[in-house]
Amino acid sequence: MSDNIRNIAIIAHVDHGKTTLVDKIIHQSKLFRENQEFGDLILDNNDLERERGITILSKNVSIRYKDVKINIIDTPGHSDFGGEVERVLKMADGVLLLVDAFEGPMPQTRFVLSKAIALGLKPIVVINKVDKENCRPDEVHEQVFELMYNLDATEDQLDFRTVYGSSKHGWMSHDWKEKTEDITALLDTILEVIPPAPLREGLPQMQITSLDFNAYTGRIAIGRVFQGKLVEGATVGLCKKNGVVKKVRIKEISVFEGLGRLRVPEVSAGDICALVGIEDFEIGDTITDFENPQPLPRISIDEPTMSMLFTINNSPFYGKEGKFVTSRHVRDRLFKETEKNLALKIEETTSEDKFLVYGRGVLHLSILIETMRREGYEFQVGQPQVLFKEIDGVRNEPIELLVVDVPQESAGKVIEFATQKKAELKIMEPKGDLQHLEFEIPARGIIGLRNSVLTATQGEAIMTHRFLSYQPYKGPIPGRINGSIISVDTGSATAYKLDKLQDRGVFFIDPGEEVYGGMVIGEHSRNNDLVVNVQEGKKLTNVRASGTDDSAKIYPKRRFSLEEALEYIKKDEYVEVTPLSIRMRKIYLDENERKRMDAKMSE
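Printed below as a string of structure tokens:
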């Protein structure tokens with residue numbers, strides 16, 4: 126049965142058309158009845174994924190083509206989700222590398238591809254978007270070959286097949302100049318190139334690589350059967366991290382069929398399945414024979430490179446917008462996240478309402494924050510901190526590879542900003558009408574860099590980065606130079622007062638907006654903090670000059686996304702996150718308290 130199964134993972138950079146391609150494969154295999162309604166981006170079904178156009182959680186679908194079952198596993202494209210990537214590739218026998226015909230392989234693609242090549246998976250390269258102007262499929266093909274060669278691919282892996290096409294327009298072909306009607310060229314290549322899932326006889330072995338949750342049946346373990354077969358109702362052993370083997374019973378087995386699941390009495394080696402009834406498992410545990418357990422090696426996960434302090438919301442506006450505000454709520458939610466988010470670690474501190482959360486980067490942590498606020502949580506987070514490591518008595522810090530594509534005329538500014546942050550320029554070459562820059566930069570330097578680069582290039586720079594290695598500490602990096610404008614009192618801001626203060630800096634609030642004492646409401650034009658009163662109205666007299674009252678002209682406020690706010694704050698500031706607002710504030714709201722702490726620090 127298993128020679129009719131192919132397990133394939135799809136790798137692509139953010140926005141190279143991976144999810145669209147999967148949509149087309151699903152349509153090609155006629156999973157939907159003629160009268161069924163469906164939208165685009167079937168796989169990115171989480172609101173956050175659709176908004177940002179990125180895949181965060183890996184998902185499975187399966188199709189049937191020429192009597193062969195193809196399990197398609199969608200992988201996250203960003204190295205911050207390294208924990209996800211590693212597990213997903215364990216389920217595959219081959220990978221589909223999707224590359225944009227103009228952009229070529231990008232840093233994030235490289236990260237996932239290096240993992241796939243190390244696992245010995247057979248690649249198929251799909252060069253997508255060949256219908257776009259100024260695309261360069263032949264050059265991109267050579268770049269992919271060079272990339273695989275640099276990643277130490279074997280001869281068999283370097284002898285990869287390439288398919289060209291446009292997933293948006295639903296065609297694939299072996300020659301990019303010859304447009305076809307559909308994507309059968311790709312499906313046929315999958316059947317030819319990807320090895321069938323091996324049917325290994327013996328005691329059952331299945332590693333749990335992801336989990337799902339259902340309100341009726343509880344937690345569901347998902348993974349690929351590596352050896353033997355699993356039978357519904359059977360009693361098996363669950364091998365835990367510490368070597369303990371627990372006796373568990375499989376209540377139900379489902380395999381992936383189309384976009385849904387199909388309940389089956391048993392499942393053989395090679396297929397991917399979901400098990401109900403197994404309690405208290407963790408990702409990486411092996412399900413095997415209870416009498417004679419044979420655990421599979423556990424999944425190794427890249428270590429976190431950043432930490433952030435999470436604490437309960439104690440601002441004057443707490444509890445106004447969120448449902449879950451207590452430390453118990455925040456604590457339970459964070460620990461629940463570690464069950465499925467492997468690259469995340471949580472440490473309790475001496476204070477019961479503060480938690481240190483360790484992750485793979487600002488994006489990894491901000492996705493968690495964004496998910497929590499959408500679920501109705503209210504909390505505060507501190508400035509992201511980079512994790513240092515002591516290696517042979519030398520202090521080391523995480524270094525990232527930063528890639529910036531920027532219009533020719535702004536390249537000098539980008540290099541200037543990056544070198545201020547201790548970055549070293551490694552590569553500079555033209556790419557179409559853009560300049561392609563590659564830097565090695567301390568992870569500390571990336572925090573706050575995006576803001577200044579986007580401002581300097583009028584938003585035209587494309588920045589991506591991935592973790593490279595730990596290297597000796599590069600010395601101090603200057604932070605944000607400008608001070609903050611802080612509100613002295615609680616109440617709503619008046620247009621009159623904001624108009625009077627405009628020459629002092631840029632404001633983050635509009636007239637009529639509610640603020641509280643200690644809240645950061647703007648950026649001072651100088652390097653010190655400025656405390657202002659924005660609640661005062663105009664003193665009324667009975668003398669009126671015609672037309673002067675409504676002459677307040679106020680610049681629009683500066684808006685921050687969540688990541689921008691996290692990168693903007695200083696050490697003595699928090700970002701307050703609620704389901705409706707993102708505010709910045711001083712850790713100590715009282716001005717005298719702040720002065721006392723500053724004096725303490727300077728001692």
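Note that the numbering used here has the sequence shown beginning at 126, numbered continuously upward. Beta carbons: idealized from backbone N, C-alpha and C, even for Gly.
Asked                                                                                                                                                                        : Found
When DSSP builds the beta bridges, which residues end up paired with C398?                                                                                                   : G348 and V380
So, with DSSP's three-state summary, where would you put I179?                                                                                                               : Note that I179 scores 48 on pLDDT, short of 50, meaning its location in the model is unreliable and no value can be drawn from it.
Got a sec, what are the start and stop residues for the alpha helix (DSSP H) I540 sits in?                                                                                   : A536 to Q545
Quick check: what's the CA-CA separation for D337 versus I345?                                                                                                               : 5 angstroms
Would you mind sorting L168 into buried or exposed? The rule is 16 or more other CB atoms within 10 Å of its CB.                                                             : The predicted model places L168 with a pLDDT of 42, which falls under 50 and marks its position as unreliable, so this point remains unresolved.
With a Cβ-Cβ cutoff of 9 angstroms, do I198 and I437 count as a contact?                                                                                                     : no
Pull up the distance between the alpha-carbon of G507 and that of E689, whole angstroms please.                                                                              : 13 angstroms
What are the partner residues of V657, as DSSP defines its beta bridges?                                                                                                     : S612
Quick one: measure Cβ to Cβ for L363 and N417, integer angstroms, because I've assumed they're closer than 8 angstroms.                                                      : In fact, because the Cβ distance is near 14 angstroms, the residues do not count as touching under 8 angstroms.
In or out: T703 buried (at least 16 other Cβ within 10 Å) or exposed?                                                                                                        : buried
Note the first and the last residue of the continuous alpha helix (DSSP H) segment covering P262.                                                                            : P262 to N275
Taking only three categories from DSSP, how would you classify N521?                                                                                                         : strand
Smallest Cα separation from G647: which of M709, H152, I252 and P262?                                                                                                        : M709
Report yes or no: do three or more beta-carbon pairs, one from the stretch 209 to 223 and one from the stretch 319 to 327, lie closer than 8 angstroms?                      : yes
Would you grab the beta carbon distance between V373 and E404 for me? Rounded to a whole angstrom, and I think it's under 8 angstroms.                                       : 7 angstroms
Could you tell me which residues DSSP pairs with A137 in its beta bridges?                                                                                                   : L223
Check whether the Cβ of I552 lies closer than 9 angstroms to any Cβ atom in chain B.                                                                                         : Within the model displayed, chain B is absent; a lone protein chain is all it includes.
Does the contact criterion of 3 or more C-beta pairs under 8 angstroms hold for the stretch 566 to 577 versus the stretch 594 to 608?                                        : yes
Should M331 be labelled buried (16 or more other beta-carbon atoms within 10 Å of its own) or exposed?                                                                       : buried
If you draw a straight line from the alpha carbon of K556 to that of V529, how long is it in whole angstroms?                                                                : 11 angstroms
To which residues of the same chain is Q352 closer than 6 angstroms at the C-beta, ignoring the five residues directly before and after it?                                  : R325, G327, Q330 and A394
What whole-angstrom Cβ distance do L623 and I679 have, given they're in contact under 8 angstroms?                                                                           : 5 angstroms
Report yes if the C-beta distance between R235 and L276 is below 9 angstroms; otherwise report no.                                                                           : yes
For my contact list, P390 and V356 are in at a C-beta cut-off of 8 angstroms; report their separation, rounded to the angstrom.                                              : 7 angstroms
Could you give the residue range of the beta strand (DSSP E) that holds Q505?                                                                                                : F504 to V506
Residue ranges of each beta strand (DSSP E) run of no fewer than 3 residues wholly in the stretch 579 to 632, ordered along the chain?                                       : 587 to 597, 609 to 612 and 630 to 632
For Q660, collect the residues of the same chain with a Cβ closer than 6 angstroms to its Cβ; drop the 5 residues on either side in sequence, then sort them by chain order. : D614 and G616
At the level of alpha carbons, what is the spacing between Y641 and N717?                                                                                                    : 16 angstroms
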